[in-house]
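Have a look at the structure below before the remarks.
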Ligand SMILES: [Zn+2]
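Numbering (the working numbering), first residue to last: 2 to 418.
Here you go:
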């Protein structure tokens, strides 16, 4: 894997690292001012360097200079995934060099190739270190993650590692579960950043508790009950949630109170109701993101397709706004007759009663508005019957509550684990 950080960029990394930590100490007003400055810079850049934003803002009769407060952002139209696909070439700023790209997984939507500039990778690393530090990481601790891109110049890295700083285990994406567990046991990291589905895959190979390891899972919908159960069953130190995506990187991290704090100084997040108005505390709405650090592919008011509940101020004292119960990709919500919705966490709460190792052997599929089918692979039929009865009694929807041995490939209208 190529190294992107030249030794000449090290001061830039240190400067932004200091800024990322300094922002945590700002008052709410100071933080808003810092976010507004970045928002203005991003909008101004996109207007002058990409034909898509230039045209769409002209059409909406808004000029960058008219963004005077964060609330003014609602004057700019939102950008959906479909619109991003359709206008892809016009959203890329051709004058900014792409140093890394990644295709989104495309589980629920067609994949999109996300392109990053060199500063984005540095900002993303700053956020990674900030989020780790908030949950107890110190530079002499070790962490493990799947290798995607590598920022550190090998000489700098070797020197730091020699003195015991920033020791990181990079797991190749094609590692087998057995290899991953073996490497984790040997390296004994304090933190392991991964996904829920990866952990469920690894569970079969874990044969001893890992009380030194805090697991950080993200990228998929999970509930606190599920995370606590994984922690207790395996014997991890803790299991926490991070909210992130390929388009914008680290969006939010779980604090000690169990809320997710938004990294608004890097990704400005608006939570909107179906009329496009800001949510009040306790309401659920759509996550709309303006990425403030990737100028190769500016994403302004981008609708990720995720839902979250706006929590507002958190008791931990952080001034970064907080959210909870994030639902990754709202396509995962079951839509019933008369526009009733079943949110996945309701079903996940029921599934959490199953032994952890069986979670990924279950599928719940909506085939029609009025019926949900439950599929289990090698799962006790009594449990499946119980689950379908509970879903039926709670939601009064499972008119044909069958369960089958048949395994269905992942489709878009399905709660999958
Ligand atoms: Zn908090």
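All residues carry an ideal CB built from backbone N, CA and C; glycine is no exception.
- Within the segment 285-348, the complete beta strand (DSSP E) segments at least 3 residues long are 285-292, 303-313, 323-328, listed from N- to C-terminus.
- Excluding five sequence positions before and after residue 201, the CB atoms of its chain that fall closer than 6 Å to its own CB belong to 360, 361, given in chain order.
- In this structure, residue 279 sits away from residue 94, with a CB-CB distance that is not shorter than 8 Å.
- Scanning 11, 40, 19 for the CA closest to the CA of residue 271 turns up 40.
- Of 212, 227, 248, the smallest CA-CA separation from residue 236 is found for 212.
- The closest heavy atom of ligand 1 lies less than 7 Å from the beta carbon of residue 262.
- Restricting attention to 12, 348, 128, the CA atom closest to the CA of residue 22 is found in 128.
- Secondary structure note for residue 43: its alpha helix (DSSP H) is the uninterrupted segment 29-50.
- In terms of side-chain proximity, the C-beta atom of residue 323 is found nearer than 7 Å to a non-hydrogen atom of ligand 1.
- In this model, residue 367 and residue 345 are separated by some 12 Å (Cα to Cα).
- Look at residue 269 here: in three-state DSSP terms it is strand.
- Contact check for residue 377 against residue 386 fails: the beta carbons are separated by 8 Å or more.
- If you draw a straight line from the Cα of residue 9 to the Cα of residue 157, it is about 12 Å long.
- Residue pairing by DSSP places residue 246 opposite 250 in a beta bridge.
- With 16 or more other Cβ atoms inside 10 Å of its own Cβ, residue 223 counts as buried.
- By the 16-neighbour rule on beta-carbons within 10 angstroms, residue 164 is exposed.
- Beta-bridge partners of residue 102 (DSSP): 116.
- Between ligand 1 and residue 319, a heavy atom-to-CB distance of less than 7 Å is present.
- Taken in chain order, the whole beta strand (DSSP E) runs of length 3 or more contained in the segment 158-221 are 168-172, 192-195, 211-219.
- Under the three-state reduction of DSSP output, residue 11 falls in the helix class.
- If you check the C-beta of residue 315 against ligand 1, you find a heavy atom less than 7 Å away.
- The distance from the Cβ of residue 117 to that of residue 101 is about 5 Å, consistent with a contact at the 8 Å cut-off.
- In the DSSP annotation of this structure, the continuous segment of the beta strand (DSSP E) that includes residue 146 starts and ends at 143-147.
- In the DSSP assignment, residue 85 falls within the alpha helix (DSSP H) that extends over 82-87.
- With fewer than three CB-CB distances shorter than 8 Å, the segment 279-293 does not count as touching the segment 55-66.
- With a 10 Å radius around the Cβ and a threshold of 16 neighbouring Cβ atoms, residue 125 comes out buried.
- With contacts defined by Cβ atoms closer than 8 Å, residue 329 and residue 221 form a contacting pair.
- Counting only residues of its own chain and dropping the five nearest sequence neighbours on each side, residue 249 has a CB closer than 6 Å to the CB of 268, 290, 292.
- In the DSSP assignment, residue 363 forms a beta bridge with 377.
- DSSP places residue 128 in the helix class (H, G or I) of the three-state scheme.
- If you check the CB distance, residue 261 and residue 324 come in under 8 Å.
- Distances from the alpha-carbon of residue 296 to those of 96, 87, 335, 140 put 96 closest.
- Per DSSP, residue 71 lies in no beta strand (DSSP E) segment and is marked neither H nor E.
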